[in-house]
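Chains as they are written, first to last, in the numbering used here: chain Y, 1 to 347; chain F, 1 to 347.
Some notes on the structure that comes next.
Protein chains: 2
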Amino acid sequence: MLGVSRATVSNAFNRPDQLSSELRQRILEAARVAGYVGPDPTARALSRGTQGTVGLVLTEQLSYAFSDPAAVLVLEGIARACEEGETGLLLVPVTTTKDGSQTRAINAAAVDAFALYSVSDDDPIVETALARSIPTVMIDQPMLEGVPYVGHDHRSAARLALEHLLALGHRRVAVLAYRLTPERHSGEVTRQQQLDAGYHHTRARLQGYRDALRAHGLDWDLLTFFESPSNDPAGGAASAAALLQGQGAPTAILTDSDQLAIGALQAAADAGISVPDDLSLVGMDDIPAARMVTPALTTVRQPMIEKGHAAGRILLGKSPRKKRVVLPVELIVRESTAPAPAERRTR
Amino acid sequence: MLGVSRATVSNAFNRPDQLSSELRQRILEAARVAGYVGPDPTARALSRGTQGTVGLVLTEQLSYAFSDPAAVLVLEGIARACEEGETGLLLVPVTTTKDGSQTRAINAAAVDAFALYSVSDDDPIVETALARSIPTVMIDQPMLEGVPYVGHDHRSAARLALEHLLALGHRRVAVLAYRLTPERHSGEVTRQQQLDAGYHHTRARLQGYRDALRAHGLDWDLLTFFESPSNDPAGGAASAAALLQGQGAPTAILTDSDQLAIGALQAAADAGISVPDDLSLVGMDDIPAARMVTPALTTVRQPMIEKGHAAGRILLGKSPRKKRVVLPVELIVRESTAPAPAERRTR
DNA sequence: CTGAAAGCGCTTACAG
DNA sequence: CTGAAAGCGCTTACAG
Numbered sequence: 001m002l003g004v005s006r007a008t009v010s011n012a013f014n015r016p017d018q019l020s021s022e023l024r025q026r027i028l029e030a031a032r033v034a035g036y037v038g039p040d041p042t043a044r045a046l047s048r049g050t051q052g053t054v055g056l057v058l059t060e061q062l063s064y065a066f067s068d069p070a071a072v073l074v075l076e077g078i079a080r081a082c083e084e085g086e087t088g089l090l091l092v093p094v095t096t097t098k099d100g101s102q103t104r105a106i107n108a109a110a111v112d113a114f115a116l117y118s119v120s121d122d123d124p125i126v127e128t129a130l131a132r133s134i135p136t137v138m139i140d141q142p143m144l145e146g147v148p149y150v151g152h153d154h155r156s157a158a159r160l161a162l163e164h165l166l167a168l169g170h171r172r173v174a175v176l177a178y179r180l181t182p183e184r185h186s187g188e189v190t191r192q193q194q195l196d197a198g199y200h201h202t203r204a205r206l207q208g209y210r211d212a213l214r215a216h217g218l219d220w221d222l223l224t225f226f227e228s229p230s231n232d233p234a235g236g237a238a239s240a241a242a243l244l245q246g247q248g249a250p251t252a253i254l255t256d257s258d259q260l261a262i263g264a265l266q267a268a269a270d271a272g273i274s275v276p277d278d279l280s281l282v283g284m285d286d287i288p289a290a291r292m293v294t295p296a297l298t299t300v301r302q303p304m305i306e307k308g309h310a311a312g313r314i315l316l317g318k319s320p321r322k323k324r325v326v327l328p329v330e331l332i333v334r335e336s337t338a339p340a341p342a343e344r345r346t347r
Numbered sequence: 001m002l003g004v005s006r007a008t009v010s011n012a013f014n015r016p017d018q019l020s021s022e023l024r025q026r027i028l029e030a031a032r033v034a035g036y037v038g039p040d041p042t043a044r045a046l047s048r049g050t051q052g053t054v055g056l057v058l059t060e061q062l063s064y065a066f067s068d069p070a071a072v073l074v075l076e077g078i079a080r081a082c083e084e085g086e087t088g089l090l091l092v093p094v095t096t097t098k099d100g101s102q103t104r105a106i107n108a109a110a111v112d113a114f115a116l117y118s119v120s121d122d123d124p125i126v127e128t129a130l131a132r133s134i135p136t137v138m139i140d141q142p143m144l145e146g147v148p149y150v151g152h153d154h155r156s157a158a159r160l161a162l163e164h165l166l167a168l169g170h171r172r173v174a175v176l177a178y179r180l181t182p183e184r185h186s187g188e189v190t191r192q193q194q195l196d197a198g199y200h201h202t203r204a205r206l207q208g209y210r211d212a213l214r215a216h217g218l219d220w221d222l223l224t225f226f227e228s229p230s231n232d233p234a235g236g237a238a239s240a241a242a243l244l245q246g247q248g249a250p251t252a253i254l255t256d257s258d259q260l261a262i263g264a265l266q267a268a269a270d271a272g273i274s275v276p277d278d279l280s281l282v283g284m285d286d287i288p289a290a291r292m293v294t295p296a297l298t299t300v301r302q303p304m305i306e307k308g309h310a311a312g313r314i315l316l317g318k319s320p321r322k323k324r325v326v327l328p329v330e331l332i333v334r335e336s337t338a339p340a341p342a343e344r345r346t347r
């Protein structure tokens, strides 16, 4: 171009110590004039063999991740780790078509590492991602041999929530769940469906309920399971409305997420049922909105940001190669739970 | 490797019609056995000259984008467009160091197009991004000649909010703003600082207030401006607490965001001031939480998801090359506003 | 301190 | 239907 070789230009941009600062200035200046803004990122990545980017893959719609406050917190944690590592975060859109187009995005992602979030244990995406042979961390599930994992203590979370209710004297408790299996349905859930739960954390919660029941010497039948069609207030409201009508309505509802609980709160208000006087409600996650609603939600705090951050650090190779990180949870008692009503007539 | 050339393997993966399906099967099978998952994304991108990825750059901390509900909605909209286009979304972390390291990330991003969000008019990042000479769309600001732009009608938003209050009889109104300029400060804002506002939408809002005042034949001095140190409930609460003490306390507060308004709501509750009886409050954005709090927030709805979606479509080249998209806003009257108190003694 | 050479892993006309 | 060749834009030892 103007006297120097390509290598020297490369050095001017990447290794200032490899050439005189005078020459470097000349090169940079000439580049500026020519409208050259620096090495092409793609070519550099190919040459270096590293991208400076990590990928997050979600089986949900990409946009769903943003409409679920809990997922947003996880994203925030991952993003924070990326910031610290000056690494880009690529959101990989996985469309769930039958013909495998969903795995295409995985193979097409130019990243150094993957985080998988909100993925069912047996989703083919897991295998596809692992086949890429780049560092991969699982969030919540699946829990695989030799694959880094970050999650909460879901079992304790469920146990704490139910124990709280049992200690309050509740003996008719409904569990409002979301997605026991990848196929969505809604309505009451049979014993078999419970056992078939396709998500590790779902099964862990089931165990937690059992723990709580055992500790009180109570029977499994005390619990009614109900599956919400969606993990948002609307789904929670519709499900709670269904649960609340009829004779043997529960005196307490345990939900899989605060989003569901917020919906249940609305449904109760709409039905003229007072929370917590007539009905106790326990959420899960402790998203910011949990304390904003009235009454403020009793919930189990799961450190979502920390979860994302831990996953991010593993991705960036910044965390010691710990295979499993299980974050502790904590019961947060606020205003949506109270002792079970002494007796209940009709509604 | 096993008889065929590289080109044929490439065709097996990319152009099934270029070879017999029998040969293709043999190649795919051999690849599987060899653990070859398909063309390297980076090499393909270099060769093709296209990434299949768009980048979103934010001057805020990457993680901030996730803690602001309004920003999350914008992200959701962009993500939705990416999904539709089966395009990856790269979050570009821009650290705000002095030595230009912030622009490095821009030049290092392997993307086909950029969206800039939450960027001050004179941020050097704008120039850096534009220098990349790839399609770039600005969200909210800056509004530049020849550069695609998507934003709300911020001027009308401000006008609607203030007019609502004025019509209710309020004559001592405080505006709780966030970041009139890139440098953060907090406290009462002088006339000069108002004029210096570094953000296009901030200036637009100022004009909107003027419009409302004019329509009522009222003077600019009716307004007090106060800048919050952060765009979250905590900042809103602290600022509102400061505004609310003293003699000439406002009968109404107008905020730059629902986040700020939610904080103000808390501050009022803490101070024993009833909303809306003693104090009217209007938010901005209409985030989901706006309707969850008690009292539900009167606010101006800005279609954030639509804004992100529109920006995303432009990025992907799916939208007609419209240079400017200005989305309409709408006043949503809920429960946080009421007629000004007839008279007010001391607090 | 500077440059020639090899290599990163693909794709795309094009000739056969 | 298949393969040889050129090219995508860089980086990295290495020799001078």
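Don't be surprised by glycine CBs; every beta carbon is placed ideally from N, CA and C.
Every value quoted in this text rests on a predicted model; they were computed, and no experiment measured them.
Between the stretch 138 to 146 of chain F and the stretch 158 to 169 of chain F, are three or more C-beta pairs nearer than 8 Å? no
Please classify Y:E335: does DSSP put it in a helix, a strand, or coil? coil
If the cut is a Cβ gap below 7 Å, which residues of chain F does Y:R132 touch? V37
Check the Cβ of Y:T42 against every Cβ in chain F and list those closer than 8 Å, keeping chain order. T42, A45, L46, Q51, A110
Please say whether F:T202 and F:L222 have beta carbons closer to each other than 9 Å? no
Tell me whether the beta-carbon of Y:G263 lies closer than 9 Å to the beta-carbon of Y:G236. yes
If we ignore side chains and look at the alpha-carbon of each, how far apart do Y:A249 and F:V74 end up? 40 Å
Alpha carbons only, please: which of Y:S67, Y:V57, Y:Q61, Y:Y64 is nearest the one belonging to Y:I78? Y:V57
Tell me whether Y:A267 is buried or exposed, calling it buried when 16 or more other Cβ atoms sit within 10 Å of its Cβ. buried
Classify Y:R203 as helix, strand or coil using the three-state DSSP reduction. helix
Could you have a look at Y:S20 and say whether DSSP puts it in helix, strand or coil? coil
Partner residues on chain F for Y:V57, Cβ-Cβ distance less than 8 Å: The contacting residues do not exist; Y:V57 stays about 10 Å from chain F at best.
Chain Y contact residues for F:Q61, given Cβ-Cβ distances below 7 Å: E83
Measure from the C-beta of Y:S67 to each C-beta in chain F and report whether the shortest distance is under 9 Å. yes
Do Y:G317 and Y:P69 come within 9 Å of each other at the CB atom, strictly closer than that value? no
Kindly say whether F:M292, judged by its beta-carbon, lies nearer than 9 Å to any beta-carbon of chain Y. yes
Contact list for the stretch 237 to 263 of chain F against chain Y, Cβ threshold 9 Å: I262
I need the boundaries of the alpha helix (DSSP H) containing Y:P233, first residue and last residue. 233 to 244
Cutoff 9 Å: Y:A105 Cβ touching any chain F Cβ: yes
Nearest-angstrom Cα separation, counted from F:V92 out to Y:I106: 20 Å
Given a cut-off of 9 Å, decide if Y:S118 and Y:T59 are closer than it, judged by their beta-carbon atoms. yes
Check the DSSP bridge columns for F:Q55 and list the partner residues they point to. Note that residue 55 of chain F corresponds to Gly in the displayed sequence, not to Gln. According to DSSP, F:G55 bridges with F:L90, F:F114.
Buried versus exposed call for F:P233 [16 or more other C-beta atoms within 10 Å across all chains shown]: buried
Compare the Cα-Cα distances from F:Y149 to each of F:L315, F:V329, F:S336 and report the closest residue. F:L315
Name the DSSP beta bridge partners of Y:G187, please? Y:E227
Look up Y:D285 in the DSSP assignment and give the residues it is bridged to. Y:R301
Need the endpoints of the beta strand (DSSP E) that F:A12 sits in, please. First-last for F:A12: 6 to 14, but that is the alpha helix (DSSP H), not the beta strand (DSSP E).
With 16 other CB atoms within 10 Å as the buried threshold, where does F:P320 fall? exposed
Report yes or no: is there a C-beta of chain F within less than 9 Å of the C-beta of Y:T298? no
I believe F:R155 touches F:A204 by the beta-carbon criterion, under 8 Å. Please report the beta-carbon distance rounded to the nearest angstrom. 4 Å
DSSP puts F:Y64 in a beta bridge; with which residues? None, per the DSSP bridge assignment.
Got a sec? Which residues, its chain only, sit under 6 Å from Y:A110 by beta carbon, not counting five neighbours each side? Q51
Quick check on the burial criterion: 16 or more other C-beta atoms within 10 angstroms. Buried or exposed for F:S63? buried
Could you name the residues of the same chain whose beta carbon sits closer than 6 Å to that of Y:S336, not counting the 5 residues immediately before and after it, in chain order? V275, P276, L281, P295, L297, T298
Spatial neighbours of F:R345 in its chain, beta-carbon cut-off 6 Å, leaving aside the 5 residues before and after: Residue placement at F:R345 cannot be trusted, given a pLDDT of 41 that sits under 50; the coordinates are not used to answer.
Using a threshold of 9 Å, state whether the C-beta atoms of Y:A261 and Y:A290 are closer than that. yes
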